[in-house]
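Numbers -5 to 115, taken from the numbering used here, label the letters of the sequence shown in order.
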Amino acid sequence: MRRLNYVIRRNYAGFVLWELLIVLFLMGLILTLSAPHFGSASNHVRKHVNRVNIQKIEGAAQLYRIDVGTYPLSVSDLLESPRGVSHWQGPYLDEILINPFDSEQGYEFDLSGRVKNVSGN
C-alpha cells in the first residue's frame, strides 16, 4: 500500500511539458487579443486631454479678452504680456499646454478666439 501511494504521488508531483505549453499558448492568445484594447484606451485618453487643454486655453482667452478687450494672438500671450497691450492682468495660464497627439505642435487661435490644434503640415 505504501509503495502504491508513493508511485501515485510521484506521478502527479509536477506539470507535464504539454500542460505548460498549453498554459503558455493560452496566455499568449489572451495577451494578443487584449493588445488592441490598450491602444484604443490610450487614444481615448489623448482625446480627453486634448479637449481639456482646449477648454483651459479658451477659458484663459476669455479672461484675457475681458481685461484687454481683444482675443490674444497666440497662446504665449496668455503667459507673458505682449508688447503694446495695456490692461494685461496675467498670466492667464501657468504653462504652455502640450498637444497630446504631437508634442512638437501646440495650439493656436482663430479669428473668433476659438482654439484649434496646430497642424503639422
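Glycine included, every Cβ here is placed at the ideal spot set by N, Cα and C.
Review point. Can you tell me where the beta strand (DSSP E) with residue 103 in it begins and where it stops?
Key: Working through the sequence shown from its first residue, we reach residue 103 at position 109. Element bounds for residue 103: 101 to 103.
**Study point:** Limits of the beta strand (DSSP E) - the one that residue 109 falls within
**Key:** Position 115 of the sequence shown, counting from 1, holds the residue named residue 109. Looking at the DSSP string, the run of the beta strand (DSSP E) that includes residue 109 is 109 to 111.
Exercise for review: Could you have a look at residue 83 and say whether DSSP puts it in helix, strand or coil?
Suggested key: On the sequence shown, position 89 is the one that residue 83 refers to. Coil, per DSSP.
Check your understanding: In whole angstroms, what is the alpha-carbon distance linking residue 37 and residue 94?
Key -> As a first step, residue 37 is located in the sequence shown; it is residue number 43 there, counting from the start. As a first step, residue 94 is located in the sequence shown; it is residue number 100 there, counting from the start. Residue 37 and residue 94 have their C-alpha atoms roughly 10 Å apart.
Check your understanding: With contact counted as at least three CB pairs below 8 Å, one residue from each stretch, are the stretch 75 to 83 and the stretch 12 to 23 in contact?
Key -> No: fewer than three Cβ pairs fall under 8 Å.
Exercise for review: Would you please verify whether the beta carbon of residue 37 is less than 8 Å from any beta carbon of chain B?
Suggested key: Checking the listed chains, one finds no chain B in this structure; it contains a single protein chain.
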